[in-house]
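Undergrad: Numbering (the working numbering), first residue to last: 120 to 400. Ideal Cβ placement from N, Cα and C applies to all residues, glycine included.
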Amino acid sequence: MKEFSKRSKRAILVFCGIFLVLVLLPRLYFYIYPTPKFTLKTVDIGGNDTLIKSINTSELLTYNERKKASSRFKKPKKKFDPNGYSVEDWMKLGLSEKQAAAILKFNKYGFHSPSDLRKCFVFQNDEFYDLIVDSLVFPEQKSKFTHDPNRLDLNFVRKNDLTEVLHGDSLLAKRILSYKFLLGGFYEMEQLQEVHGMTQKAYEELRKNFYVNRRDIRKLKINTEDVYRLKEHPYIHEWKVAAEIVQSRKKEGDFKSLDDLKKRIPHNESIFNKLAPYLKF
120 MKEFSKRSKR AILVFCGIFL VLVLLPRLYF YIYPTPKFTL KTVDIGGNDT
170 LIKSINTSEL LTYNERKKAS SRFKKPKKKF DPNGYSVEDW MKLGLSEKQA
220 AAILKFNKYG FHSPSDLRKC FVFQNDEFYD LIVDSLVFPE QKSKFTHDPN
270 RLDLNFVRKN DLTEVLHGDS LLAKRILSYK FLLGGFYEME QLQEVHGMTQ
320 KAYEELRKNF YVNRRDIRKL KINTEDVYRL KEHPYIHEWK VAAEIVQSRK
370 KEGDFKSLDD LKKRIPHNES IFNKLAPYLK F
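See the structure below:
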């Protein structure tokens, strides 16, 4: 039988020593510092749930305060019509510029009920929607037969009404509605000739079946709208003109009248003359 060398014996002894320390040390610790014993007791509060209620309420308030502090959305200060909100207005409620622009782009035919809003992905965020839903005010849906029972108000017709008069041309009907939205409504029938793809025959058919109520147009708040909203109007359209309006507003204050607008931003008189029926100072 082969004997272990002194070096091997020493290694075995060290190993056994380490093993014994690892095994015995925890036992020695709990022997010196025994674990305290716990006793569970049942306490009868005699139907007095004030303590429980106060604890739950305290925890709930703490959670709501944390949630409120972490939310980036803000409740509107007063009731508002979502159809008249600009990018800047939506951003004041906590939306990003991209989300606000998406709302304006989605709102081609107007929001007439909360369900219309929910169709837009921005309002599918329950936290934001629940915060604003009680503040929403929608314009009354007027009857289409407001002037002549044989003719419809062009500013309140639907796509099917236009498609029927245009003998099935749904594409042109869609373009008319889109242009109406961008304008804020038609103030005269002649504006139909500005719609892309409009033919003289189609224009004459539309004149026979529709009329325009100028009171129904949506005004453009020239002293409050941001550059994005101004640029969206077909009669402004260019960034340069929209930017000039905003810059002049910042430097010299609000515009007082159409003449004031023409004076402060020259070389755009023809644009402002067409825009005049839509302006609100």
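Counting beta carbon pairs with one atom in the region 316–334 and one in the region 296–308, are three or more of them shorter than 8 Å?
TA: As far as the Cβ criterion goes, the region 296–308 touches the region 316–334, which means the pair count is three or higher.
Undergrad: What does the Cβ neighbour count give for residue 274, buried or exposed, with the cut at 16 atoms within 10 Å?
TA: By the neighbour-count definition (other C-beta atoms within 10 Å, threshold 16), residue 274 is a buried residue.
Undergrad: Using a threshold of 9 Å, state whether the C-beta atoms of residue 256 and residue 200 are closer than that.
TA: yes
Undergrad: Quick check on the DSSP output: the alpha helix (DSSP H) that includes residue 347 runs from which residue to which?
TA: 346–351
Undergrad: Label residue 218 either buried or exposed according to how many other C-beta atoms from any shown protein chain fall within 10 Å of its C-beta, with 16 as the threshold for buried.
TA: So residue 218 ends up on the buried side.
Undergrad: Could you say which of 393, 396, 360, 397 lies nearest to residue 383 if we only look at CA atoms?
TA: Comparing Cα-Cα distances from residue 383 to each of 393, 396, 360, 397, the minimum goes to 360.
Undergrad: Using only the alpha-carbon positions, how far apart do residue 366 and residue 373 sit?
TA: Looking at the two C-alpha atoms, the distance is approximately 11 Å.
Undergrad: Could you give the distance in angstroms between the alpha-carbon of residue 147 and the alpha-carbon of residue 125?
TA: 32 Å
Undergrad: Count the other CB atoms, across all protein chains shown, that sit within 10 Å of the CB of residue 358; report buried if there are 16 or more and exposed otherwise.
TA: exposed
Undergrad: Please classify residue 391: is it buried, with 16 or more other beta-carbons within 10 angstroms of its beta-carbon, or exposed?
TA: buried
Undergrad: How about the region 336–345 and the region 310–319: do they share at least three Cβ pairs that are nearer than 8 Å?
TA: Two segments are said to touch when three or more pairs of C-beta atoms, one from each, lie closer than 8 Å; by this definition the region 336–345 does not touch the region 310–319.
Undergrad: Leaving aside the five residues before and after residue 207 along the sequence, list all residues of the same chain whose C-beta is less than 6 Å from its C-beta, in chain order.
TA: 345
Undergrad: Quick check on residue 322: does DSSP put it in helix, strand or coil?
TA: helix
Undergrad: Using a Cβ-Cβ distance cut-off of 9 Å, determine whether residue 236 contacts chain C.
TA: Within the model displayed, chain C is absent; a lone protein chain is all it includes.
Undergrad: When the Cα atoms are used, what is the spatial distance from residue 321 to residue 210?
TA: 41 Å
Undergrad: My output table needs one value for residue 249: the three-state DSSP class, helix, strand or coil.
TA: helix
Undergrad: Distance, Cα to Cα, residue 379 vs residue 394?
TA: 14 Å
Undergrad: On a CA-only basis, which of 324, 371, 252, 301 is nearest residue 287? Give me that one, please.
TA: 324 is the residue among 324, 371, 252, 301 whose C-alpha sits nearest the C-alpha of residue 287.
Undergrad: For residue 428, collect the residues of the same chain with a Cβ closer than 7 Å to its Cβ; drop the 5 residues on either side in sequence, then sort them by chain order.
TA: Absent from the model: residue 428. The displayed extent of the chain is 120 to 400, so no value can be given.
Undergrad: With H, G and I counted as helix, E and B as strand and the rest as coil, what does DSSP make of residue 378?
TA: helix
Undergrad: Please name the residue, chosen from 381, 347, 369, 353, that lies closest to residue 223 on a Cα-to-Cα basis.
TA: 347
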